[in-house]
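Heads up: the sequence shown begins at 2 in this note's numbering, then just goes up one per residue.
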Amino acid sequence: QLSCNRNQGQWTVAMAGDHELTELLGLLQDQKPEVRRLAAEAVLSQTEDTDFLDFCKREPRKCARPLLRLAEKAELDSAEAMAKGGYGSSSEKSEKIAAAQAMSTLAAGVASLKSLVNLSAVPALAEELVALNAPKRLTEALRAGWLEGRGGMAHWYAMLLANVSTSKKGQEALCGDEGMLKFLVAAYLTKPRLPPRDGYEDPLLWIGAILVNVLVLPEGRKLLAAKSQELEMLFREMSDRARRADMVNAAKNVCLDMECHEVVTESELMLHMARFLCPWEKMDAESRAALPGALRESLEKEGAALTGDLAVRSAAAACGMGLCRSLKGREYLRSFVQVFRSWMQDETDATVKDQLDVIMPAVLLSEDELKVEQEKLAEQTSQAA
């Protein structure tokens with residue numbers, strides 16, 4: 002049963018079964034903009050209801066398709082409205098009506114995107130979105146708004162794409178279109194950034210999560226980690242605390258792939274990470290003098306401290322462990338041995354300490370010394386067996 006609260010202009014839904022839910026979702030495609038808005042807001046209000054979530058699991062296409070279409074329609078109508086001069090008031094009654102309809106369509110689009118963000122946590126619906134080519138459709142809508150000076154829904158697009166990209170199928174879809182992926186990177190790196198909206202300081206923050214997810218796949222690494230200059234631009238985002246965790250995890254996914262080590266070692270990854278791994282104020286003069294000249298000068302000017310974010314420290318340690326697997330990576334890390342030594346002295350987490358215990362011999366010992374140690378270990382293992 003659907004009921005309309007005339008005083009507040011909202012619909013409330015009395016959940017009575019699949020038929021009523023199907024009826025509600027059908028209203029998302031109604032001819033009247035106001036009906037679409039009310040229906041979208043009613044769907045949004047149900048996205049945490051267990052009965053509705055169960056329906057979405059059983060009927061993912063019935064939920065995903067109309068919501069996705071409504072979001073696209075809102076973007077198109079916004080473009081048309083801007084081309085005609087925006088949503089401003091007019092003395093002409095017909096223009097006022099058209100503006101009100103456009104505003105209803107935009108509100109419906111926002112509600113539909115919010116609903117999809119919530120519902121994409123349901124694996125069946127997320128997979129359905131991929132089947133509906135949502136990664137490309139959402140990115141194209143985001144790009145169209147971006148190029149035409151509209152970014153009002155950019156944060157919802159970014160959140161939804163981040164959720165969809167958590168699955169392998171979503172990652173493969175994004176990797177299947179290099180131009181789409183390159184646009185997302187460009188949007189993420191563009192300065193100045195989009196202004197805050199809806200309480201979100203960085204509307205495109207979630208593109209960082211998309212990049213982390215894409216870099217899980219070898220295809221993603223081939224596209225995003227082919228050149229050191231492109232990686233370096235992403236690594237620079239580590240200076241932003243809000244974006245740091247995503248970019249360190251992106252670096253981790255790259256460092257764990259030995260085929261990427263040559264490109265990584267041509268970047269300034271360790272210089273960027275040292276700013277939140279090196280306990281500068283606690284280091285004595287001798288320890289500071291052991292740092293590479295460029296890094297020492299940078300830290301003297303800007304300072305540094307060991308981050309309290311355990312997830313970031315763990316991911317950074319994983320970067321080091323990944324690079325230790327190749328000669329190129331070990332040679333690169335040896336220039337920053339003092340960073341690891343000072344970090345280890347201040348590290349409090351047992352798991353991260355274990356990771357650093359793996360890294361330290363690789364950066365302290367020469368290749369000949371490492372070979373001797375490996376032979377000793379192999380001999381001890383053989384004797385124990």
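The C-beta atom is built at its ideal place from N, Cα and C for all residues, glycine as well.
All figures in this text were calculated on a predicted structure; none of them were measured in a lab.
Check: Distance check for Asn134 and Lys170, CA to CA, integer angstroms please.; Outcome: 11 Å
Check: Under 8 Å, with one C-beta from each stretch per pair, do the stretch 206 to 225 and the stretch 241 to 260 reach the 3-pair mark?; Outcome: yes
Check: Which runs of the alpha helix (DSSP H) spanning at least 4 residues fall entirely within the stretch 14 to 45, listed in chain order?; Outcome: 19 to 27
Check: For my contact list, Ser116 and Val36 are in at a C-beta cut-off of 8 Å; report their separation, rounded to the angstrom.; Outcome: That pair is no contact at about 16 Å.
Check: For Asn8, I'd like the list of residues in its chain whose CB is within less than 7 Å of its CB, leaving aside the five on either flank, ordered along the chain.; Outcome: Summary for Asn8: the model assigns pLDDT 43, below 50, so the residue's position carries little reliability; its value from the coordinates is reported in the next sentence. Contacts found: none.
Check: Rounding to the nearest angstrom, what Cα-Cα distance links Gly321 and Ala65 in this structure?; Outcome: 41 Å
Check: For Pro204, is the classification buried or exposed, using 16 other Cβ atoms within 10 angstroms of its Cβ as the cut-off for buried?; Outcome: buried
Check: On the premise that Leu54 lies in contact with Ala40, defined as a C-beta separation below 8 Å, what is that separation, rounded to the nearest angstrom?; Outcome: Wrong, their Cβ atoms sit about 18 Å apart, outside the cutoff.
Check: Using CA atoms only, rank isn't needed, just tell me which of Glu220, Lys94, Glu368, Tyr201 is closest to Leu182.; Outcome: Glu220
Check: Does Val265 pass the burial test, meaning 16 or more other C-beta atoms within 10 Å, or should it be called exposed?; Outcome: buried
Check: Secondary structure at Glu96, three-state DSSP: helix, strand or coil?; Outcome: helix
Check: Given this structure, state the Cα-to-Cα distance separating Pro136 from Leu130, to the nearest angstrom.; Outcome: 8 Å
Check: Output yes or no for whether 8 Å exceeds the beta carbon distance between Glu374 and Leu366.; Outcome: yes
Check: Between Asp178 and Arg222, is the Cβ-Cβ spacing less than 8 Å?; Outcome: no
Check: Roughly how many whole angstroms lie between the Cα atoms of Glu24 and Lys94?; Outcome: 33 Å
Check: Check for me: the alpha helix (DSSP H) holding Leu278 runs from which residue to which?; Outcome: 270 to 278
Check: Work out the CA separation of Gly152 and Glu73 for me, nearest whole Å.; Outcome: 14 Å
Check: Using 10 angstroms around the beta-carbon of Gln384, count the other beta-carbons present and answer buried if the total reaches 16, otherwise exposed.; Outcome: exposed
Check: Under the DSSP definition of a beta bridge, which residues are partnered with Gly198?; Outcome: First, the residue type needs correcting, since residue 198 is Arg and not Gly in the sequence shown. Partner(s): Tyr201.
Check: Here's a check: name, in chain order, each residue in its chain whose Cβ is nearer than 7 Å to the Cβ of Arg335, leaving out the five neighbours to either side.; Outcome: Val364
Check: Under a Cβ-count criterion, where at least 16 other Cβ atoms within 10 Å of its own Cβ denotes burial, should Asp78 be classed as buried or exposed?; Outcome: buried
Check: Assuming Leu278 and Ala317 make a contact with CB atoms under 8 Å, what is their CB distance in whole Å?; Outcome: 6 Å
Check: I need the straight-line Cα distance from Trp281 to Asp52, nearest angstrom please.; Outcome: 54 Å
Check: Measure the C-alpha to C-alpha separation of Leu71 and Leu162 and round it to an integer number of angstroms.; Outcome: 16 Å
Check: Whole angstroms is fine: what's the gap from Met274's alpha carbon to Cys176's?; Outcome: 27 Å
Check: Run the CB neighbour count on Pro193, radius 10 Å, all protein chains shown included, and call it buried at 16 or more, exposed below.; Outcome: exposed
Check: So, are the CB atoms of Ala305 and Arg342 less than 8 Å apart?; Outcome: no
Check: Is the beta carbon of Ala75 sitting closer than 8 Å to the one on Gly27?; Outcome: no
Check: Throw me the rounded Cβ distance for the Glu348 and Leu357 pair, which I believe falls under 8 Å.; Outcome: 6 Å
Check: With DSSP collapsed to three states, give me the class of Thr191.; Outcome: coil
Check: Tell me which residues share the same chain as Ser168 and place their Cβ nearer than 8 Å to its Cβ, disregarding the 5 neighbours each side in the sequence.; Outcome: Pro124, Ala127, Glu128, Val131
Check: Looking at the structure shown, is Asp78 part of a helix, part of a strand, or coil, going by DSSP?; Outcome: helix
Check: Just verifying my parser: in three-state terms, what is the DSSP assignment at Met322?; Outcome: helix
Check: By Cβ distance below 6 Å, which residues in the same chain neighbour Pro34 in space, the five residues on each side in sequence not counted?; Outcome: Gln102, Ser105, Thr106
Check: Please state the DSSP three-state secondary structure of Glu227.; Outcome: Note that residue 227 is Ala in the sequence shown here, rather than Glu. Looking at Ala227 - three-state DSSP - the assignment turns out to be coil, as it is neither helix nor strand.
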